[in-house]
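Chemist: Protein chains in written order, with the working numbering: chain A, 555 to 915; chain B, 555 to 915.
Sharing a structure, written as structure tokens. Questions coming.
There are 2 protein chains.
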Amino acid sequence: MPRRIASGDGKPRPATIKDVARHAGVSVATVSRILSGTYPNAPATRSKVMRAVRELDYVANAHARGLAGVRPKSVAIVVNSVISPHYAHVAQGVHEEAARAGRLCIVGTTGGDLERELAAIQLMREEHAEAVILVGNINPDEAYRERMAGYARALAAAGSQLVLCGRPPLGPDVPAIVVEYDNTGGAFAATSHLLSAGHKRILFLGRRSGYTTPESRVAGYRAALAAHGVPHDPGLEVDGARMVRREGYRMMRERLDAGPRDFTAVFASNDLIAAGAREALRERGLRIPEDVSMVGFDDLPPAADIDLTTVYIPHEELGRTAVRLALKSETPGASEHVLLGTHIVVRDSVCPNVGEASGPD
Amino acid sequence: MPRRIASGDGKPRPATIKDVARHAGVSVATVSRILSGTYPNAPATRSKVMRAVRELDYVANAHARGLAGVRPKSVAIVVNSVISPHYAHVAQGVHEEAARAGRLCIVGTTGGDLERELAAIQLMREEHAEAVILVGNINPDEAYRERMAGYARALAAAGSQLVLCGRPPLGPDVPAIVVEYDNTGGAFAATSHLLSAGHKRILFLGRRSGYTTPESRVAGYRAALAAHGVPHDPGLEVDGARMVRREGYRMMRERLDAGPRDFTAVFASNDLIAAGAREALRERGLRIPEDVSMVGFDDLPPAADIDLTTVYIPHEELGRTAVRLALKSETPGASEHVLLGTHIVVRDSVCPNVGEASGPD
DNA sequence: AGCGCATGTTGAACCGTTTACACAGGGCGC
DNA sequence: GCGCCCTGTGTAAACGGTTCAACATGCGCT
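Below, the structure is given as structure tokens:
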């Protein structure tokens with residue numbers, strides 16, 4: 555039967571620690587200590603207080619507690635969008651680990667806009683979250699680096715740990731924990747998989763100059779070609795705008811419209827691109843893997859549905875690691891760099907090359 | 555060049571409003587008023603203060619502000635999981651509308667566990683969020699209703715608006731805004747679509763007794779059968795445990811293993827179930843829509859990939875509406891009930907029935 | 001008995017804001 | 001020239017917790 559304290563005008567008002575103290579016949583200090591559980595206390599007092607808490611349905615005011623110097627038990631995460639599967643999975647990992655540690659999550663979305671990201675960080679700074687986790691791909695020019703470094707230092711000064719998740723470090727003198735995954739290695743493995751099946755003309759779908767994630771994947775692609783002694787044709791690298799399904803469709807469609815097919819395999823920079831490209835191929839009557847081999851990246855839901863060989867990245871583990879490292883470091887200015895592994899997941903989207911499209915020569 | 559105030563031991567400490575006041579040569583009240591922007595102030599003072607704010611890189615302490623009686627600009631949302639597409643889309647709507655209104659989002663996840671949901675609400679109560687939005691399916695027994703009603707009243711007393719999103723009202727005397735979507739109507743339309751194509755033996759895949767969402771969908775299914783004068787065979791309703799893909803696979807697989815096929819069409823209680831069932835059918839060499847017609851529910855990503863006719867529900871609109879209504883109501887104890895429409899999305903998963911499987915008679 | 005010590009409890013200061021109230025000074029009507 | 005209002009600013013009291021230093025109390029020891 556939760557009772558509530560009546561103020562002057564009879565409106566219910568949430569009980570405060572003072573109400574509990576009065577109700578239990580002890581001081582506020584005693585109530586505070588018993589509730590925090592970190593000080594010795596007499597069992598009799600303890601049960602009196604707990605009864606008062608129950609009867610008044612008391613919950614502590616997080617603002618008062620935060621103001622009194624107790625770091626709020628919260629973790630902030632800033633993502634591009636909560637719909638995008640990669641971000642959602644990372645966020646899931648963050649939530650899991652945060653829940654395990656009794657923290658709640660503050661989530662900000664940016665829609666990919668840098669200004670909104672910075673604004674979100676500012677808000678998180680006001681909230682004094684224990685950790686601020688920035689996740690995802692970014693286009694790091696010099697101005698960005700400069701401003702972000704300023705924000706990083708401000709967060710450290712405010713006692714919040716900054717974590718960059720799937721994003722390169724800001725610099726040696728900027729305090730931040732960095733949790734990345736191996737884009738280049740994954741792309742190397744994926745490309746090698748196609749090369750081993752005899753493919754030499756491999757379309758790279760979804761290059762995006764200036765953005766770190768697609769660039770690392772291009773780098774792995776090129777490295778694999780070089781390692782296998784296959785000549786690199788820049789004409790096989792197709793630029794994309796946004797890394798979404800319809801963009802994959804558009805790129806493949808335009809490629810097929812532009813002239814005779816000059817590739818036997820496709821390495822899509824992510825699974826959504828792959829799904830879109832697959833649709834464009836199907837419209838031309840080209841089947842995967844019989845006519846065209848394809849490998850994706852991310853191992854997200856569409857991949858299993860369309861039997862796509864792809865590169866698994868530990869989405870949730872990224873989020874979990876971010877939280878774990880952030881909460882572990884008691885000094886908020888910590889710097890650390892972790893690289894999580896990726897590995898190829900083989901499904902049914904690659905066939906041995908029978909050598910039809912051999913390139914423009 | 556953000557400067558930071560040095561405390562005794564030389565460690566940087568975030569600037570407070572006092573530092574700003576001292577730096578600008580005015581009182582803290584003046585700084586507060588100028589920053590809040592709601593009081594008259596002299597331009598000269600204003601620019602002095604703004605300069606000090608910039609130079610010290612001052613951001614207000616959200617805890618102090620909250621304690622001083624200003625309702626924090628935040629909205630809390632409690633979901634089952636942030637990966638699940640439906641929840642993610644609702645959350646996206648919440649984020650959008652919250653961002654538009656300058657609010658940040660606190661997100662709690664429950665994993666479908668009622669205790670964790672209640673614990674999350676308790677945390678949100680401590681945080682004094684403007685609104686607490688509970689989203690999703692639930693199994694409402696009497697004990698649940700009782701406890702949740704208590705929490706609802708506590709939230710109202712603390713000045714937070716409770717919103718139930720895609721979940722039935724708690725009762726006439728419990729303060730909450732309810733935003734639902736038309737499950738029954740959508741299921742009626744989906745079933746009617748199959749009936750109109752001549753199907754009479756329609757398998758309902760994914761009944762889950764006690765849970766509100768699947769139950770409303772079953773209700774729509776039965777109503778459509780009745781409206782078309784088609785006899786209702788309870789044996790065609792298959793129970794499911796969790797509403798996920800593998801469960802859809804399992805249900806269909808067991809059904810096919812159990813004996814000769816006694817249905818010509820399937821109404822899956824959501825798209826994931828549909829995708830799983832489709833896989834089981836494919837393993838038996840049964841194609842959609844040539845051999846079996848199928849309709850899903852939700853219109854989430856897998857649906858488009860597998861050309862599934864399904865029922866669209868306004869996921870994001872649910873979230874947006876929840877936030878909009880919650881912020882609109884100035885009195886936190888408001889009650890309201892909104893029902894958003896659903897509609898069928900026709901793709902390529904239904905064929906006219908040629909009348910092979912006619913049932914057990 | 002007097003002492004030190006461990007154990008529990010209390011009063012009060014403090015955290016950083018907002019805001020009610022007081023007040024200073026200038027312009028204006030009388 | 002006096003009182004009045006208006007504008008802008010300052011002073012100080014909340015807000016609801018935590019925690020430090022101080023203080024009772026009971027106990028075993030010398």
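By construction, the Cβ of each residue, glycine as well, lies at the ideal position given by its N, Cα and C atoms.
Note that the coordinates shown come from a computational prediction; the quantities given were computed from them, not determined experimentally.
Just tell me which of A:Ile898, A:Gly830 and A:Arg815 has its CA closest to the CA of Asp845 (chain A).
Modeler: A:Arg815
Chemist: Pull up the distance between the alpha-carbon of Ser590 (chain A) and that of Asp611 (chain A), whole angstroms please.
Modeler: 17 Å
Chemist: Between Ala831 (chain A) and Met806 (chain A), which are expected to be in contact by the criterion C-beta below 8 Å, what is the C-beta distance as a whole number of angstroms?
Modeler: 4 Å
Chemist: Assign Leu893 (chain A) to one of two classes, buried (16 or more other C-beta atoms within 10 Å of its C-beta) or exposed (fewer than that).
Modeler: exposed
Chemist: Can you pull out the residues from the stretch 674-691 of chain A whose beta carbon lies closer than 9 Å to at least one beta carbon of chain B?
Modeler: Ala674, Gln676, Leu677, Met678, Arg679, Glu680, Glu681 and His682
Chemist: Using a C-beta to C-beta distance shorter than 8 Å, which residues of chain B count as neighbours of Thr738 (chain A)?
Modeler: Neighbours of Thr738 (chain A) on chain B: none; closest Cβ ~27 Å, over 8 Å.
Chemist: Could you work out which residues of chain B lie near Asp611 (chain A), taking near to mean beta carbons separated by less than 7 Å?
Modeler: Ala708
Chemist: Does DSSP classify Pro556 (chain B) as helix, strand or coil?
Modeler: Any reading at Pro556 (chain B) must be qualified, since the residue scores a pLDDT of 40, below 50, and its modelled position is unreliable; the value itself is stated next. Coil, per DSSP.
Chemist: Less than 9 Å between CB atoms is the rule here; does Cys719 (chain A) satisfy it with respect to chain B?
Modeler: no
Chemist: In the stretch 696-753 of chain A, which residue ranges form an unbroken beta strand (DSSP E) of at least 3 residues, counting only runs that do not cross its ends?
Modeler: 715-719 and 731-735
Chemist: Does the distance from the C-beta atom of Gly662 (chain B) to that of Met678 (chain B) stay below 9 Å?
Modeler: yes
Chemist: Are the Cβ atoms of Gly873 (chain A) and Leu862 (chain A) separated by less than 9 Å?
Modeler: no
Chemist: Determine the direct distance from the alpha carbon of Asn693 (chain B) to that of Gly764 (chain B), and round the result to whole angstroms.
Modeler: 5 Å
Chemist: Would you call the stretch 622-631 of chain B in contact with the stretch 599-615 of chain A, where contact means no fewer than 3 C-beta pairs closer than 8 Å?
Modeler: no
Chemist: At which residues does the alpha helix (DSSP H) containing Ala653 (chain B) begin and terminate?
Modeler: Pro639 to Arg654
Chemist: Could you round the C-beta distance between Cys659 (chain A) and His649 (chain A) to whole angstroms and report it? I think they count as a contact, below 8 Å.
Modeler: 6 Å
Chemist: Under 9 Å, Cβ to Cβ, is there at least one residue of chain B near Thr896 (chain A)?
Modeler: no
Chemist: At least one CB of chain A closer than 9 Å to the CB of Val899 (chain B): is that the case?
Modeler: no
Chemist: Among residues of its own chain, excluding the 5 on either side of Asn595 (chain B), which ones have a beta-carbon nearer than 8 Å to its beta-carbon?
Modeler: Thr584, Arg587 and Ile588
Chemist: Report yes or no: do the stretch 679-686 of chain A and the stretch 714-726 of chain A share at least 3 C-beta pairs separated by less than 8 Å?
Modeler: yes
Chemist: Could I get the ranges of all uninterrupted beta strand (DSSP E) runs contained in the stretch 609-639 of chain A, with 3 residues as the minimum, in chain order?
Modeler: 628-633
Chemist: Could you tell me whether the Cβ atoms of Ala819 (chain A) and Ala857 (chain A) are closer together than 9 Å?
Modeler: no
Chemist: State the DSSP-derived secondary structure class of Met848 (chain A), mapped to helix, strand or coil.
Modeler: strand
Chemist: How would you list, in chain order, the residues of chain B whose beta-carbon sits under 9 Å from the beta-carbon of Val661 (chain A)?
Modeler: Ile631, Val636, Ala645, His649, Leu658, Cys659, Ile660 and Val661
Chemist: Can a CB atom of chain B be found closer than 9 Å to the CB of Arg619 (chain A)?
Modeler: Yes, Arg619 (chain A) lies at the interface with chain B (some Cβ there is under 9 Å from its Cβ).
Chemist: In chain B, what lies closer than 8 Å to Pro855 (chain A) by C-beta?
Modeler: Near Pro855 (chain A) (Cβ distances below 8 Å), the residues of chain B are Pro855 and Pro856.
Chemist: Go ahead and label Asp925 (chain A) buried or exposed: buried means 16 or more other beta carbons lie within 10 angstroms of its beta carbon, across all protein chains shown.
Modeler: The question about residue 925 (chain A) has no answer here: the residues shown for chain A are numbered 555 through 915.
Chemist: State the DSSP-derived secondary structure class of Thr875 (chain B), mapped to helix, strand or coil.
Modeler: helix
Chemist: Can you pull the chain B neighbours of Asp825 (chain A), defined as C-beta to C-beta under 7 Å?
Modeler: Within 7 Å Cβ-Cβ: nothing; Asp825 (chain A) doesn't reach chain B, min ~11 Å.
Chemist: Between Ala652 (chain B) and Val877 (chain B), is the Cβ-Cβ spacing less than 9 Å?
Modeler: yes
Chemist: For Ile860 (chain A), decide whether its Cβ has a neighbour in chain B, counting only Cβ atoms nearer than 9 Å.
Modeler: yes
Chemist: Exposed or buried, Asp902 (chain B), counting other C-beta atoms within 10 Å across all chains shown (16 or more means buried)?
Modeler: So Asp902 (chain B) counts as exposed.
Chemist: Helix, strand or coil for Glu837 (chain A), going by three-state DSSP, please let me know.
Modeler: In this structure, Glu837 (chain A) counts as helix in the three-state DSSP scheme.
Chemist: Give the range of the beta strand (DSSP E) segment to which Ile687 (chain B) is assigned.
Modeler: In the DSSP assignment, Ile687 (chain B) falls within the beta strand (DSSP E) that extends over Ala685 to Val689.
Chemist: Under the DSSP definition of a beta bridge, which residues are partnered with Val908 (chain A)?
Modeler: Paired residue(s): none; Val908 (chain A) is not in a bridge.
Chemist: Buried or exposed, going by whether 16 or more other CB atoms sit within 10 Å of the CB of Asp915 (chain A)?
Modeler: Caution applies to Asp915 (chain A), whose pLDDT of 43 falls short of 50 and renders its modelled position unreliable; the model cannot decide the point.
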